[in-house]
Amino acid sequence: MLVGHLAVGLVAKRIEPKVSLGTCVLAALLPDLIAFPLIILGVEHFDPVPAASLNRSIGRDIVFSHSLLTTVLWGALFGGSYFLQSRFARGASLLLAVVASHWLLDVISHRPDMSLAPGTRQVYGLGLWNSLPATLIVEGGFWLLALVIYARATSTKTRLGVFVFWIGALLCTLVWYGNLHAGMDPNPVKAGIGGVLMFSLVVGWAYWVNRLRSAKI
Numbered sequence: 044m045l046v047g048h049l050a051v052g053l054v055a056k057r058i059e060p061k062v063s064l065g066t067c068v069l070a071a072l073l074p075d076l077i078a079f080p081l082i083i084l085g086v087e088h089f090d091p092v093p094a095a096s097l098n099r100s101i102g103r104d105i106v107f108s109h110s111l112l113t114t115v116l117w118g119a120l121f122g123g124s125y126f127l128q129s130r131f132a133r134g135a136s137l138l139l140a141v142v143a144s145h146w147l148l149d150v151i152s153h154r155p156d157m158s159l160a161p162g163t164r165q166v167y168g169l170g171l172w173n174s175l176p177a178t179l180i181v182e183g184g185f186w187l188l189a190l191v192i193y194a195r196a197t198s199t200k201t202r203l204g205v206f207v208f209w210i211g212a213l214l215c216t217l218v219w220y221g222n223l224h225a226g227m228d229p230n231p232v233k234a235g236i237g238g239v240l241m242f243s244l245v246v247g248w249a250y251w252v253n254r255l256r257s258a259k260i
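Take the position in the sequence shown, starting the count at 1, then add 43; the result is the number in this note's numbering.
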């Protein structure tokens, strides 16, 4: 998922306005941002699914970034780091939950490649992305709902806040839709570098939006 994870970040900002939208989005995308360097190093892998016209990749040994156990651990580290910096326990707990939600959303969308912990053989995945209509309805609908929730819960400080938010949301939507058909680059270095750059830009966009929009009282 891409916009599904971003939707969680937008909703998290609505739940706790004191936490930056950029931090919420970083938490939502954290397992992917950990996975990309591991793909470059050859520790984790995504294999192509040649016969598929949609959802054309499947994870192999993505246990350090995407298993349930490690996702929760990454969330605890992320939330704990936030707490040490802010002393805001509610925000830290929310960020832990946002990171952990990544596993659940990927189980819904991926082919079976999501494990419970390193060393376990059983993998899970409901394959939502195998169906374009189902993906547009479920993930796309969640994304649209989250955009509306965030837009209604915030007000723009300048006109720029309107354009940055909605143009960024449109670009994220186009990247998500294109990725459904294209899958990951078969070259792990290109895939990893491209993923880090793309997701870093998304996180940067979220921090920028947070500066341009404020929560309504």
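The beta carbon of each residue, even a glycine, is placed where N, CA and C say it ideally should be.
| Asked | Found |
| --- | --- |
| List the residues that DSSP assigns as beta-bridge partners of Y167. | M157 |
| Determine the contact status of V207 and G65, defining contact as a CB-CB distance below 7 Å. | no |
| Using only CA atoms, which one of A143, G162, R154, F89 lies nearest to S174? | R154 |
| For F121 and P176, what's the separation of their Cα atoms in angstroms? | 35 Å |
| Check whether the region 79 to 98 and the region 128 to 144 touch, using three or more Cβ-Cβ pairs below 8 Å as the test. | no |
| Is the region 175 to 195 touching the region 51 to 62, taking contact as three or more C-beta pairs under 8 Å? | yes |
| Thinking G47 and L213 are a contact (beta carbons under 8 Å), I'd like their distance in whole angstroms, please. | That belief does not hold up - the Cβ atoms of G47 and L213 are roughly 17 Å apart, past 8 Å. |
| Can you grab the Cα-Cα spacing for the pair S129 / V150, in whole Å? | 32 Å |
| Mind checking whether N253 and S124 have CB atoms under 7 Å apart? | no |
| Mind checking K56: buried by the 16 CB within 10 Å criterion, or exposed? | buried |
| Starting from the C-beta of V86, find all residues in its chain whose C-beta is less than 7 Å away, skip the five residues before and the five after it, and write them out in chain order. | F107 |
| So what's F89 in DSSP terms, helix, strand or just coil? | strand |
| Between which two residues does the alpha helix (DSSP H) harbouring T216 extend? | 202 to 225 |
| Below 8 Å CB to CB, which residues in the same chain sit around V218 once its five sequence neighbours on both sides are set aside? | L45, M241 |
| Counting only the same chain and skipping the five closest in sequence on each side, list residues whose C-beta sits under 6 Å from that of G204. | L255, R256 |
| Could you tell me the boundaries of the alpha helix (DSSP H) in which I58 lies? | 46 to 58 |
| S110 and P74: beta carbons closer than 7 Å? | no |
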